[in-house]
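Trainee: Below is the structure I would like to discuss, written out as C-alpha cells.
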Amino acid sequence: MESDTILKIALAGPLRGFFDYLPPEDNVTTLTPGCRFEIPFGRSSRVGILISTNNKSSVPAGKLKRALSQLDQAPLLQPSDLRLLKWAADYYEHPLGDVIFHALPVNLRKKPTASKASPPGLRLTQAGEAVDAESLSRAPKQRSVILALQHHPQGLAKSKLAEDHDLSPAVLRSLLDKGLVTPCELPPQTLPSEAAYQLNPQQQQAVDRVRENLDGFQAFLLNGVTGSGKTEVYLHLVADVLAQGRQALILVPEIGLTPQLLQRFQQRMGHEVAVLHSALADGEREKIWHAMRQMRQHILIGTRSAVFTPMPSLGLIIVDEEHDLSYKQQEGFRYNARDISLVRAQQIGCPVVLGSATPSLESLRNAQEGRYRQLDLPKRAADASMPSLALIDIRNGHLKGGLSPALLKHLEQTLQAGEQAMLFLNRRGYAPMLTCHACGWLTDCPRCDARMTHHRQQKLLWCHHCGHQQREPVACPSCGSPDLRPLGQGTERVEEILRQHFPKYPLARIDRDSTSRKGSLEKLLKQVHSGSIPLLIGTQMIAKGHHFPSVTLVAILDVDQGLFGADFRASERMAQLILQVAGRAGRAERPGRVLIQTRHPDHPLMQLLIQQGYAAFAKLAMQERQMAMLPPYAHQVLIRAEANRSDYPELFLKQLLEGCQKLQHAAELEFWGPVPAPMERRAGKTRAHLLIQSNQRLPLHRWLSEAIEIFATLPHARKVRWSVDVDPQEML
Ligand code: ADP
Ligand code: ZN
Ligand code: ZN
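Note that my numbering has the sequence shown beginning at 1304, numbered continuously upward.
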C-alpha cells in the first residue's frame, strides 16, 4: 500500500528486516530515526526503534497497523550511532534490530515504567542519628552499618557498605523498616588526587605521536611490556582530549580485573570518569548512558558493550589489553569490540590506541602492513626490571599434587626471605576428574563429551561445560569399589598441598569458588596487597592488571595444553597468558622470577618465548600461520549447528553447503566440513561445524550476505539451532 508516511521499525530478536507501521494517531512531533515507538505486535505490544520512513509497504492496505505511541521526543541514537550499528549488523550478519537493542541499556529496551531506580547511597535519618548503636548489639551487622554512617553524615555507597560492613538486602530492609536509614544520592567522589608522572622519553614519544593525530583517524598499536607505563600514556592522552572539551572512551577486558587502572583514572580526573560494567544495576547503567549521550560526562571506562555508548564529541578511543578474548562476544550477536572500535574511530575521524604487552597476531600484522602505527615501550617505567623466566622440566620428577620438588624449594626460599609467591593454575576445583582405581571408571558428564570436575569442599561433581552437578560418590557406581582417586589437580588441591607443606604461612586462594560472595574478592586482594598473605594460588582471576608490589616469585603450573591444543590459536594464547602472569612478578624494587613447569622444555615456541621474549615468539608463530594460511593471513566464518537429534546438525550443514556452494564468489572460498565440533556433545546436544575461509575478506562477505538469506529456508533450518560467527576467535 502507499501512504504519506510509513514507519520502518526494527525490533529486538532474531527477525531480520523491518516492520511497517503507520504513525501514532495523535502524532505531532517529527518522525526522526533513532526514536522509540510502542507498537502492537501479535496480541501484545513491543518497543521498536525507527530506522527510516518511507511511502511504500508490502503490507496490504487495511492490514497496516498504527504505532501506539512515540516514546522519545528526541532521538536516542544519532545518525552516527545508527551508522556504526548498521555497519556491525552487516559485518557480523546479525539482525539490525537485535544489534540496536543490544546497544541500548536494558531499561530502554522495555516500555517505560514509573518505578525509579533507588539512589546508590544510604544515610541516616534523624532517628538513625539519635539511635544508640549499642542498642543494636543483638544485630551486629545493623550496628556496624549504623556506626559507619554515624561517621559519614553525608552518606555512603551501598556497595561500599556491602563490602566493608556486610550490608545485605535483609539488613537493609530491617534498617529501612526501623526508619533508621534512607536512600540518598552521593556527592561526587573526591579521591586524593595523584600527580602525573614526568614521562620517560619512550612514553613521551608515544604521547606525541598520538597527539599529532588527534584531529583525524589513525590507529596506533601501543606495544609496551607489563609495567612500561601504558596507563600513564593513556592518562596523558585523555587529559589532552578532555582539555579540548571532547570525550574519551577506554575499553578494558573486565572491570574486576583492572582495579588499578580505574582507580588511577578516578584519582586524576575525578567525577569526569564514568564506569560501565555488567555488575551495575540497570538504573545506574541508564544514567551513565544518558550522561555520555548528553555530554554531561566526558570519560567512559567500560567493558565490551560500552563500545556502542553514544558519545557525540568522542575524540579518542583506547582499547587496553587489545589481545584479550573477552572483547569478543561468544553468544548471540558475536561482535568483537576491539574491531568495532576501529570502525567507530574511522567513521567519526579520531585516533584509536590499542595497548598490550602481548599484541594479538592480527594487530601485529596490521602494524607490519602499515595500517596501524606501532609505538614501543620496551622497558619498565619505574626502576623495576623485567622478571626472568625459566623452565622446570617435570618429565621425570615426582610431583606432589602437581608441584615439583624444585618448585617447592624455590617457594620455601621465597617465603623464608619474607617475600610473596604467586602460583597460577587455570583450573578451579579439586581435580579435573575422579577415577575408580579398581575398574577405571571416570566421572563422565552425562550430557557432554567431558569429565565432571571434583569440587571437594562442596562435595560435588561439577561439569564446567554445561553446569551439570551431582553429589560426590562414596563408591564407584560401576563396580562398587570405594577406592576413588583424583586425577590431575585444580586450585583446591594445590591449596591443600601448600597448606600441608607450608603450614606456618598464611595462604589465599583466588578463583570463582573462593570469591563467589560479593565483596570477597576485594577483601582477599586487599590482604594480598598489604603483604599479610605471602602465598597466593589462583586462576586467571589473578593474571591480569593487578599490581602486587612484593610478589617476587611467580609459578605457572600447567600450560602445556597450549603447545598442542586443537585450536590454532592455542600457542598464542599460552604465550599471552604466561607473560600476563609473569608481569605480576617484581613490579617494585625487588626483581621477580617466573618458573614454568613443563613436560616439553625443548619445544621451539616455548624456548623462543623464554629466551627472546614475545616479539621473537610472535614472529615464528606468524610464519607458521602464513605457511598454514590461517588468520591473520586468511579470514574465516564459522557456522555452528546443534540439535538434540545427533544426525540433524551435520545434515543441516550439508544442505547449506549444497545450497550455497553455487552462489557467486563461492569458487574463491574454501569450505571445511561439516565436521563434528571439537566437543561433539555438550549439554545434551550434538554439535557440528562448517568453516569457510578465504584469503580475501571481500568475496567471503559478499558470499555470506547472499548465503544467509538461504540458510533459513533449508529443510532442516528449524530442526537445529544454527549461528554465524564472523572472525571466530574460538573453535569451540
Ligand atoms: P602498564 O600499564 O604498562 O602496565 P603502568 O602505567 O601501570 O604500566 O606503570 C607501571 C608502574 O610504573 C606504575 O606503578 C606507574 O605508577 C609507574 N610509572 C609509569 N610511568 C612512570 C614514569 N614516567 N615515571 C615513574 N614511574 C612511572
Ligand atoms: Zn556437561
Ligand atoms: Zn569401579
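We put the beta carbon where it would ideally sit given N, CA and C, even for glycine. The structure displayed is predicted, hence computed values, not measured ones.
Return the first residue and the last residue of the beta strand (DSSP E) that Leu1726 is part of.
Mentor: Segment Gln1723 to Phe1727, the beta strand (DSSP E) holding Leu1726.
Trainee: Take Trp1390 and list the residues in its own chain whose beta-carbon comes closer than 7 Å to its own, dropping the five residues that flank it on each side.
Mentor: So the list reads Val1646, once near-sequence residues are dropped.
Trainee: Name, in chain order, the residues that DSSP records as bridge partners for Met1736.
Mentor: For Met1736, which the question treats as bridged, DSSP gives the partners Leu1790.
Trainee: Measuring from each Cβ to the nearest heavy atom of ligand 2, keep the ones under 5 Å and list them in chain order.
Mentor: In chain order, the qualifying residues are Cys1748, Arg1750, Cys1751, Cys1766, His1768, Cys1769 and His1771.
Trainee: Short check: CB of Leu1908 to CB of Leu1923, under 8 Å?
Mentor: Yes, these two residues count as a Cβ contact at 8 Å.
Trainee: Could you give the DSSP three-state label for Ser1418: helix, strand or coil?
Mentor: Here Ser1418 scores only 49 on pLDDT, less than 50, and its place in the model should not be relied on; the value that follows carries that caveat. Here Ser1418 sits in coil by DSSP.
Trainee: If Arg1802 sits next to Ile1840, beta carbons under 8 Å apart, how far is it from one beta carbon to the other, in whole angstroms?
Mentor: The Cβ separation is near 10 Å, so there is no contact.
Trainee: Can you determine whether any heavy atom of ligand 1 sits closer than 7 Å to the C-beta of Glu2038, and answer yes or no?
Mentor: Missing from the structure shown is residue 2038; the chain here goes from 1304 to 2035 and no further.
Trainee: Going straight from the alpha carbon of Ser1418 to that of Pro1785, what length do you get?
Mentor: Bear in mind that a pLDDT of 49 at Ser1418, under 50, signals an unreliable position, so the model cannot answer this.
Trainee: Rounded to the nearest angstrom, what separates Glu1750 and Thr1989 at their Cα positions?
Mentor: A small correction: the amino acid at residue 1750 is Arg; Glu does not occupy that position in the sequence shown. Whole-angstrom Cα-Cα distance: 10 Å.
Trainee: Opposite Glu1341 in the DSSP bridges: which residues?
Mentor: DSSP lists Val1350 and Ser1372 as partners of Glu1341.
Trainee: Using 8 Å as the cut-off, can you tell me whether the stretch 1613-1632 makes contact with the stretch 1541-1549, which would need three or more C-beta pairs spanning the two stretches below that distance?
Mentor: The stretch 1613-1632 is in contact with the stretch 1541-1549.
Trainee: Report the rounded CA-to-CA distance for Gly1635 versus Val2029, giving the unit in angstroms.
Mentor: Using only the alpha carbons, I get a separation of about 12 Å.
Trainee: Using 7 Å as the cut-off, classify the Cβ of Lys1703 as near or not near the heavy atoms of ligand 1, replying yes or no.
Mentor: Lys1703 Cβ: outside cutoff for every heavy atom of ligand 1.
Trainee: Enumerate in chain order the residues of its own chain whose CB-to-CB distance from Gln1381 is below 8 Å, with the five nearest sequence positions on each side excluded.
Mentor: Answer for Gln1381: Gly1337, Pro1613 and Pro1615, listed in chain order.
Trainee: In the DSSP assignment, the beta strand (DSSP E) including Ile1859 goes from what residue to what residue?
Mentor: Ile1859 -> beta strand (DSSP E) spans Val1854 to Ile1859.
Trainee: Quick one: Cα of Ala1509 to Cα of Ser1663, how far?
Mentor: Cα to Cα, Ala1509 sits roughly 19 Å from Ser1663.
Trainee: How many angstroms separate the CA atom of Gln1505 from the CA atom of Asp1679?
Mentor: Gln1505 and Asp1679: Cα-Cα distance of roughly 7 Å.
Trainee: Pick helix, strand or coil for Lys1712, following the three-state DSSP scheme.
Mentor: Three-state result, Lys1712: helix.
Trainee: If you follow the beta strand (DSSP E) that Gly1618 is part of, which residue opens it and which one closes it?
Mentor: Here the beta strand (DSSP E) through Gly1618 covers Leu1617 to Asp1623.
Trainee: With Pro1654 as the anchor, note down where its beta strand (DSSP E) starts and where it stops.
Mentor: Its beta strand (DSSP E) spans residues Pro1654 to Ser1659.
Trainee: Hey, is Ala1685 close to ligand 1, as in C-beta under 7 Å from one of its heavy atoms?
Mentor: Ala1685: yes, Cβ under 7 Å from ligand 1.
Trainee: Is it the case that the stretch 1624-1638 contacts the stretch 1434-1442, given that we only count it when at least three CB pairs across the two stretches are under 8 Å?
Mentor: No, the stretch 1434-1442 does not touch the stretch 1624-1638.
Trainee: Check each candidate in Ser1372, Ile1697, Thr1333 and Gly1791 and name the one with the smallest Cα separation from Pro1735.
Mentor: Nearest of Ser1372, Ile1697, Thr1333 and Gly1791 to Pro1735, Cα basis: Gly1791.
Trainee: Are Arg1788 and Leu1737 closer than 8 Å when you measure CB to CB?
Mentor: It is a contact, given that the beta carbons lie within the stated cut-off.
Trainee: Go to Arg2044, then tell me how far its beta strand (DSSP E) extends in each direction, as first and last residue.
Mentor: What the structure shows of the chain is the stretch from 1304 to 2035, and residue 2044 is not part of that stretch, so it cannot be assessed.
Trainee: How many Å lie between Leu2003 and Ala1392 at the Cα?
Mentor: Looking at the two C-alpha atoms, the distance is approximately 16 Å.
Trainee: Does ligand 1 have even one heavy atom less than 7 Å from the beta-carbon of Lys1533?
Mentor: Checking every heavy atom of ligand 1 against the Cβ of Lys1533, one is found closer than 7 Å.
Trainee: Which parts of the stretch 1792-1853 are runs of the beta strand (DSSP E), unbroken and 3 residues or longer, counting only runs that do not cross its ends?
Mentor: Counting whole runs of 3 or more residues, the stretch 1792-1853 contains the beta strand (DSSP E) stretches 1810-1813 and 1838-1841.
Trainee: What did DSSP end up calling Val1510 once you bin it into helix, strand or coil?
Mentor: If DSSP states are grouped into helix, strand and coil, Val1510 belongs with the helices.
Trainee: Less than 7 Å separating the Cβ of Ala1693 from some heavy atom of ligand 3?
Mentor: Not under cutoff, so the answer is no.
Trainee: With three or more C-beta pairs closer than 8 Å as the rule, is the stretch 1523-1536 touching the stretch 1666-1681?
Mentor: Segments in contact, yes.
Trainee: Given that a residue counts as buried once 16 or more other Cβ atoms are within 10 Å of its Cβ, and exposed if not, what is His1757?
Mentor: His1757 should be labelled buried.
Trainee: If you reduce the DSSP assignment to three classes, tell me which class Thr1717 lands in.
Mentor: Three-state DSSP puts Thr1717 in a helix.
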